[in-house]
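Numbering (UniProt numbering), first residue to last: 1 to 106. Note that CB positions come from ideal geometry on N, CA and C, so glycine has one too.
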């Protein structure tokens, strides 16, 4: 990721952490994980990418329906929001909406 971050036209989509192959093991639990538990597990990876790429080059995303093995759609998005809850409103708007609008020219 550090090498990719040096390329100025590379963006990173942050998500897909609920898939089995990622290896968190939440899909093997008898009860679903909460959004807080997921955020605690995912936050180090999201924070690392945000540090490397900066807010302007990251987009939050879900990988539904593949993430469904770990959590519901709502729990997934709540976990992603909790991962960046200490960021400014402007930065969160970029991560969850504005960067995607810019990159995909929506």
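Restricting attention to 90, 102 and 71, the CA atom closest to the CA of residue 16 is found in 71. Within the same chain, Cβ atoms closer than 7 Å to the Cβ of residue 60 are found at 14, 15, 80, 95 and 96, the five residues on either side in sequence being excluded.
The Cβ atoms of residue 84 and residue 38 do not sit closer than 8 Å to each other.
Between residue 57 and residue 19 a beta carbon distance of about 23 Å is seen, past the 8 Å cut, so the two are scored as non-contacting. Each of 68, 62 and 50 was checked against the Cα of residue 86, and the nearest Cα belongs to 50.
Residue 71 sits in coil when the DSSP states are folded into three classes, being neither helix nor strand.
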